[in-house]
Amino acid sequence: MNRPSYVKAFFHHNKVNTGLEIMVYMADSVLNLIISWFIQVITDIMAGSLALDFRQTLYLYGGILAFVLLIQVTEYWTFPSFIQKAMNQYKDRVLHDLLKKNLASFSSENTATYISALTNDVVTIEANFLKQFFEIIRMLVLFFGALGLMFYYHLSLTLIVLGLSVVPLVISLVTANQLTEKERKVSQQNESYVATSKDILNGFSVVKSFQAEDQVERVYQKQNHLLEALKKERDQTSIIVKSIGNLASLSVQMGIMVIGVWFVLNGVGGLTPGKVMAFTNLMNFVLQPISQIPQLLGQAKASLGLVEKVSNYLQANTQDGEKYLGNGVEDGFEINHLSLSYDGSKQALLDFNFHFDIGKSYAIVGGSGSGKSSLVNCLMGNFNDYQGSVQLDGVEIKELSKESLYSYLSLIQQTVFIFDATIVENVTLYKDFPQSEIDRVIKLSGLDKLLAERGRDYKCGENGNKLSGGERQRVAIARSLLKDSQIILVDEATSALDNPTAIQISQALLNLKSLMRVVVTHRLDQHLLEQYDQILVLKDGQLIETGKFHQLMAAKGYFYSLYTVSN
């Protein structure tokens, strides 16, 4: 994945629209040259330098209008179609590659980067790259076409124009690079602004409960004002670039007009008033590209920088294993001498050894920072830089294809992602399953009563805000059952639930006897703990105790202390 491949996404399967739009812009350039010639004809007729009757003039006028109409009608169809397909393909490609990233990499990144890439950045790319792409082509055709006509009209005057045009060209090249840097800074600050806005909205209830409205408003204002200040600087730079270019172009244009008048009055080179008028108009098509193409190229370069930015983010940690499991998991996880460190200093896991069997249930307990979630992440295949061995059915998990791993494994977390769709659609995640299978998992997960009360068409609300915490967890359980997972990993899924609901959800998981259930929990309820086949006790990243509930209580070790304190 690199920038060229993402740029190709704009034009892939879009070649017909691209070709037609290039033809439209080239035709528009030719039209402008024809109009310049028509100005020369009309002026010379009025000055008596050209013999052409009024009817012939009307024919020319009608032909030009018909050409204009043809160009406009063609552009009506081609340009919107090109933009639509280009943006669809680019955004689809970005999301497709984003979904290839591993969980650990994505979790360590700021999601505001991708929100910005799929919202604000694509607007900039559309305006400053895609639309300007054709404008640059139009200006190049105009430049060379106008130059050809000017050479035809008067060689000496054309050479004078080219000599004077060096001034606006140099000015444009010098100032255009400043615009690229300004655009980059705006994009970076926009990421911070989006991140702040998202945090405020996600933490709205916390802000209200702590009465921190004034403080949060100041944080928002700081990010917002900085963003708008950078946008102001960018716009001012753009105006300066444009103004300097226009001033230089106008100076050259006025100078050429004066020289042209002198040539006509002194009979130099056979210039007519019509040719001077045409020459003046054509000069716009030489000076305009000289002053604007560097600016347009600068904007396009800045936009391609946004493409490169998201490309670099998407390239990070998307590697995947190549090995596949057979038809189902038969043995389970075999962990030998597993050690894991996030920053190279403190060990999240240290010399961990254990075997997890299919069809058995395991409770993972320990204090905060003991390595419980790190263990789950290792079992999920989220880390490749661990020491030791983590194998599933004899295959090292870092060498295992995530597609193969996730087909047998499901993760249930405290936060369950819920679409604003029906309960059934949230369970199936819009995939097709036999109705009998859907009904089975709905019953096993305890969602049947909810469906009976609210109906199959009941919408869950944005992020499931119409469902209780327990109901959202039941949706997660149903998803795991529907995809026929043999392994369910549960990471503090009940920590935010009230005690009766947490017990119900935990019991529902324990009742799934044929599956491996690895449950990270801080709720040390005797009735539930007695049902686990094994309890694993972690402290400072080490597995210090294992056994059934009564064995650990009788040993009166670290687990005994945890249980006694919590109860």
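In UniProt numbering, the protein residues as written are 1 to 567.
Think of the CB as a built atom: it goes at the ideal place given N, C-alpha and C, for glycine as much as any other residue.
Asked: By a C-beta neighbour count over all protein chains shown, 10 Å radius and 16 as the cutoff for buried, is L392 buried or exposed?; Found: buried
Asked: Look up H12 in the DSSP assignment and say whether it is helix, strand or coil.; Found: coil
Asked: Between which two residues does the beta strand (DSSP E) harbouring V490 extend?; Found: I487 to D491
Asked: Evaluate the contact criterion for the region 181 to 189 versus the region 224 to 233: three or more CB pairs, one atom per stretch, below 8 Å.; Found: yes
Asked: Helix or strand or just coil, what does DSSP make of K360?; Found: coil
Asked: Determine the direct distance from the alpha carbon of G145 to that of F263, and round the result to whole angstroms.; Found: 23 Å
Asked: Have a look at S81 and N463 and give me their C-alpha separation to the nearest angstrom.; Found: 34 Å
Asked: Specify whether the region 537 to 545 and the region 349 to 361 touch according to this definition: at least 3 beta carbon pairs, one from each stretch, less than 8 Å apart.; Found: yes
Asked: Distance, Cα to Cα, L538 vs L528?; Found: 19 Å
Asked: Report yes if the CB atom of Q89 is closer than 8 Å to the CB atom of H13, and no otherwise.; Found: yes
Asked: Sort out for me which residues DSSP pairs H527 with in a bridge.; Found: Its beta-bridge partners do not exist; DSSP assigns none.
Asked: Have a look at S238 and N284 and give me their C-alpha separation to the nearest angstrom.; Found: 20 Å
Asked: Identify whether N567 lies in helix, strand or coil by the three-state DSSP scheme.; Found: coil
Asked: By DSSP, does residue 574 sit in helix, in strand, or in coil?; Found: This structure cannot speak to residue 574, because the chain is shown only from 1 to 567.
Asked: Determine the burial state of E322: buried for a count of at least 16 other Cβ atoms within 10 Å of its Cβ, exposed for fewer.; Found: exposed
Asked: Check A452 in the structure and name its three-state DSSP category.; Found: helix
Asked: For the region 471 to 491 and the region 401 to 417, state whether three or more C-beta atom pairs, one from each stretch, are separated by less than 8 Å.; Found: yes
Asked: Below 7 Å CB to CB, which residues in the same chain sit around M87 once its five sequence neighbours on both sides are set aside?; Found: V122 and E126
Asked: Name the DSSP beta bridge partners of S339, please?; Found: Q387
Asked: Taking only the alpha-carbon atoms, compute the straight-line gap between D97 and P294 and give it to the nearest angstrom.; Found: 33 Å
Asked: Could you check how far apart the C-beta atoms of V490 and V520 are, in whole angstroms? I think they sit under 8 Å.; Found: 6 Å
Asked: Helix, strand or coil for L538? Go by DSSP, reduced to three states.; Found: strand
Asked: Could you tell me the boundaries of the alpha helix (DSSP H) in which M516 lies?; Found: Per DSSP, M516 belongs to no alpha helix (DSSP H); it is in the beta strand (DSSP E), M516 to V520.
Asked: For L515 versus G305, is the C-beta spacing smaller than 8 Å?; Found: no
Asked: Note down, in chain order, each residue of its chain lying with its Cβ closer than 7 Å to the Cβ of S29, except the 5 sequence neighbours on either side.; Found: R138, V141, L142 and G145
Asked: Sorted by chain position, which residues of the same chain lie with C-beta nearer than 7 Å to M1's C-beta, five sequence neighbours on each side aside?; Found: For M1, the predicted model reports a pLDDT of 45, less than 50, meaning its position is unreliable and no value from the coordinates is stated.
Asked: Among K483, I505, T78 and K398, whose alpha-carbon lies nearest the alpha-carbon of K431?; Found: K483
Asked: My guess is that residue 592 and K198 are in contact by the Cβ rule of under 8 Å, so how many angstroms apart are they, rounded?; Found: Past the boundaries of the shown model lies residue 592; the chain is included only from 1 to 567, so the question cannot be answered.
Asked: For E545, which residues does DSSP report across the bridge?; Found: V537
Asked: So, do the region 501 to 515 and the region 443 to 455 have three or more beta carbon pairs nearer to each other than 8 Å?; Found: yes
Asked: Quick check: the Cα distance between A555 and E530, rounded to an integer number of angstroms?; Found: 15 Å
Asked: So what's K459 in DSSP terms, helix, strand or just coil?; Found: strand
Asked: So, using beta-carbon positions, are S480 and S404 closer together than 8 Å?; Found: no
Asked: Kindly indicate which three-state DSSP category Y333 falls into: helix, strand or coil?; Found: The displayed chain sequence assigns Phe, not Tyr, to residue 333. Three-state DSSP puts F333 in a strand.
Asked: Would you say the beta carbon of V24 is closer than 7 Å to some non-hydrogen atom of the ligand ATP?; Found: Only the bare structure without any ligand can be found here, which leaves the ligand ATP out of the picture.
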